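Residue numbers (our numbering), protein chains in the order written: chain A, 459 to 682; chain B, 2 to 22.
Notes follow the structure.
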Amino acid sequence: PQQTPIRAAMYSIQQLRGELTSISDQPSGILMVYFKNCTVDPSEDITKRVDQFGQIFSQKFAQAVGQRCEGLGKKRFTLGVQLYYKVMESMLKSEEKRLSVQNFSKLLNNATFHTSLLACALEVVLATYVGYSLKNGGSESPETNLCFPWILDVFQLHAFDVYKVIESFIKAEPTLKHDMIEHLGRCEQQIMESIAWKSDSLLFELLRQSREDGTGEQAEPPAT
Amino acid sequence: TQDYHFGLEDHEGISELFDCD
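Below is the structure:
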């Protein structure tokens with residue numbers, strides 16, 4: 459049948475859900491092996507953090523879309539967690555191959571890494587559904603409140619930390635569709651062009667540090 | 002995917018980006 463914008467958006471949702479049907483919202487056996495190989499086992503922190511962010515996400519989702527939608531928020535969050543664990547496993551496999559390392563204790567005990575990865579996974583889920591809402595309800599649909607960078611505020615994340623995850627996320631998840639990769643690319647641009655330069659941004663601290671220890675590249679001379 | 006501009010070097014990955022290499 460003729461592919462209308464709504465049908466295309468519904469297809470994206472079905473594709474996303476289809477990709478995740480066989481993925482659990484708990485860490486897989488392979489992930490548990492990576493966790494056990496860590497100097498400090500991160501399993502408990504990871505599952506506890508997912509539970510905490512699940513509650514925050516559902517509450518914020520209901521505030522943004524409507525109180526009767528808290529259950530819907532939970533469903534969205536579960537899809538995000540499934541994608542989060544799927545991509546984490548894929549990232550660790552490629553890092554293991556690249557670095558010939560099996561102990562990822564520092565990375566897997568880094569709360570910012572986990573929160574940024576979960577935020578990126580949720581952004582993929584939210585953008586998939588918002589894409590449908592926009593085409594189905596127009597800009598009046600309350601779900602448009604969930605557009606990027608809504609998720610950064612929900613998790614109180616520095617934009618620059620999510621920026622660091624996006625490229626590796628795209629590399630680690632080959633089933634991402636072209637329009638979703640484009641969307642994540644636009645998120646990167648939005649971060650780099652504006653959000654990352656807000657006064658409380660992490661970027662200023664990093665620039666200051668790189669200037670102090672001289673690791674920063676020399677600024678290019680102004681064009682004549 | 003040719004529209005997305007990959008910028009990481011071969012020797013860079015998520016471990017380096019989060020200072021966990």
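Backbone N, C-alpha and C fix where the C-beta goes; we use that ideal spot for every residue, glycine too.
Treat the numbers as computed from the prediction; the structure is a model and nothing was measured.
| Asked | Found |
| --- | --- |
| Under the three-state DSSP convention, the category F7(B) falls into | coil |
| Buried or exposed by the 16-neighbour rule on C-beta atoms within 10 Å, applied to N594(A) | exposed |
| Near-chain B residues of the stretch 494-510 of chain A - C-beta to any C-beta below 7 angstroms | none |
| CA nearest to the CA of D4(B), picked from E640(A), C645(A), K635(A) | E640(A) |
| contact_flag[the stretch 616-624 of chain A, the stretch 488-499 of chain A] where n(CB pairs < 8 angstroms) is 3 or more | no |
| Residue from S657(A), M638(A), A654(A) whose Cα sits closest to the Cα of A467(A) | M638(A) |
| Pairwise C-alpha distance: S574(A) and L615(A) | 7 angstroms |
| Contact under 8 angstroms by Cβ, N561(A) with T497(A) | yes |
| Cutoff 8 angstroms: M638(A) Cβ touching any chain B Cβ | no |
| Cβ neighbour criterion (16 or more within 10 Å) applied to Q647(A) | exposed |
| For L541(A), the first and last residue of its enclosing alpha helix (DSSP H) | 528-557 |
| T462(A), DSSP secondary structure in three states | coil |
| Option nearest A522(A) by Cα separation, candidates N603(A), F535(A), K544(A) | N603(A) |
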